[in-house]
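Student: Heads up: take any position in the sequence shown, counting from 1, add 12, and you land on my numbering. Once you've had a glance at the structure underneath, I'll fire off some questions.
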Amino acid sequence: MPRLRQVWSHFRELPRTGADVMSHGDLIPGNVLVTGDRLSGVLDTGGFGPADPALDLVSAWHLLQPGPREVLRRTLVCDDLE
Numbered sequence: 013m014p015r016l017r018q019v020w021s022h023f024r025e026l027p028r029t030g031a032d033v034m035s036h037g038d039l040i041p042g043n044v045l046v047t048g049d050r051l052s053g054v055l056d057t058g059g060f061g062p063a064d065p066a067l068d069l070v071s072a073w074h075l076l077q078p079g080p081r082e083v084l085r086r087t088l089v090c091d092d093l094e
């Protein structure tokens, strides 16, 4: 547990370049409804609230293959921390 606390403390000290935004918090494939090739709904919005915008990037790692994932990172100008 002491090692985990040390690592967590380090993560909390990493630089932040922006303010929190409204975030879904659990945007994974099971919570995204698609009809054809269009988004038709989002489920499980109980965690919706202010958070680091990088949190919703988790969905890219679940929903996209490596090529499209890299396009998204370039488009959003994500740094290596994100």
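Positions of the beta carbon are idealized from the N, C-alpha and C atoms, including for glycine. Treat the numbers as computed from the prediction; the structure is a model and nothing was measured.
Thinking C-alpha only, which one of 60, 52 and 21 is nearest residue 32?
Tutor: Closest option to residue 32, Cα to Cα, is 60.
Student: What number of angstroms, rounded off, separates the C-alpha of residue 43 from the C-alpha of residue 56?
Tutor: 6 Å
Student: Could you please give the first and the last residue of the uninterrupted alpha helix (DSSP H) stretch that includes residue 72?
Tutor: Residues 70–75.
Student: Below 6 Å CB to CB, which residues in the same chain sit around residue 74 once its five sequence neighbours on both sides are set aside?
Tutor: Within the same chain, residue 74 has close Cβ partners 40 and 41.
Student: For residue 69 and residue 90, which I take to be in contact (beta-carbon distance under 8 Å), what is that distance rounded to the nearest angstrom?
Tutor: 7 Å
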